[in-house]
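Participant: For the sequence shown, position 107 matches number 107 in UniProt numbering, and the numbering has no gaps at all.
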Amino acid sequence: MGKGIEFKKRIFISGTLATLTGLHIGGNSTEISIGGADQIVIRDPITNHPYIPGSSLRGKMRSLLERTRGEMTIKLKDGKSFTDIRQLDDAMASGTAELDSASPAIDPTQLATRLFGVPIDKQEAVDTKNIVPQRLVVRDAKLINPEQLEKARNTDMPMTEVKTEVAIDRITSKANPRQIERVPAGARFGFELVLNLYGDDDEKSYLDALFGCMTLLQDDYLGGHGSRGYGKVHFSVESITEKTAEDYRNSQTAKPSQVPIPEALKQPSADR
């Protein structure tokens, strides 16, 4: 095995993700019952508890990192393509370029690609020699305080609230109400992120990028309708452990890591 892809270490970052405002991550609309909300949240089919899919959390973190670093796959209608948003700015400055599409980064030299990997639907466009292993695994975040939500007096559905919003037709002034189910502020989910390191990977650069993604998300929003106040969340990292390749060979358990927890990702002092 080449040294560049030889497994070196796995770092486990876990803790609590708290909702500071209502959170909506959509579920299957076919499950809506008569009299239910127009847009429902995704729930665990066994417990019926709302949860945060790892794919939603991972996808949002990736998009924020790509936008911040300008790393994405950009295609123009004339067939040209770029992997850096600054190249698009230069092309658009001519006044003749027209944007066709912007999709996730697939350039193996870029940090976003090395951390999150090449999306499955984009791998055919990448030379197999250039496909890099994805380093970040994001688990589904399960609800850890269902009893508290069940005791809440003003929830409309099990452990969730229904918020009515009204869109006004600008021509007829007709009101079009819709009901959106959301997890209320105060819900707490247990999260786990797993960072895989290979070969000569610079551990600090990947951790800095990952912690940066988490901080970016705290200042942005998770799920839908974020521009209307939904989806503000806070990460509280409570544990960082690691297992090396040797630990796996010797069937050892994970041991505490020396990686410091960033201040922005600690539990707020008022909640400690």
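In this text, a Cβ means the ideal position worked out from N, Cα and C, and glycines have one as well.
Here's a check: name, in chain order, each residue in its chain whose Cβ is nearer than 6 Å to the Cβ of MET85, leaving out the five neighbours to either side.
Facilitator: Met is not the amino acid found at residue 85; the sequence shown has Ile there. Around ILE85: GLY70.
Participant: Which one or two residues does DSSP pair with LEU193 in a beta bridge?
Facilitator: ILE13 and VAL138
Participant: Closest to PHE191 by C-alpha separation, out of ASN176, TYR51 and SER173, would be which residue?
Facilitator: It is TYR51 whose Cα lies nearest to the Cα of PHE191.
Participant: Assuming contact is defined by CB atoms lying nearer than 8 Å, are PHE7 and ALA254 in contact in what I supplied?
Facilitator: no
Participant: For the candidate residues ARG182, ALA185 and THR164, whose alpha-carbon lies nearest to that of ALA175?
Facilitator: THR164
Participant: Whole angstroms are fine: how far does the CA of VAL237 sit from the CA of GLN267?
Facilitator: 7 Å
Participant: Closer than 7 Å to a non-hydrogen atom of the ligand SAH - does that hold for the CB of LEU265?
Facilitator: The ligand SAH is absent from the structure shown, which contains no ligand whatsoever.
Participant: LYS232 by DSSP, collapsed to three states: which one?
Facilitator: Here LYS232 sits in coil by DSSP.
Participant: Which residues share a DSSP beta bridge with LEU23?
Facilitator: Assignment of beta-bridge partners to LEU23 by DSSP yields VAL183.
Participant: For the segment 107-115 against the segment 195-212, do three or more pairs of beta-carbon atoms, one drawn from each stretch, fall closer than 8 Å, so that the two count as touching?
Facilitator: yes
Participant: Looking at the structure shown, is ALA175 part of a helix, part of a strand, or coil, going by DSSP?
Facilitator: strand
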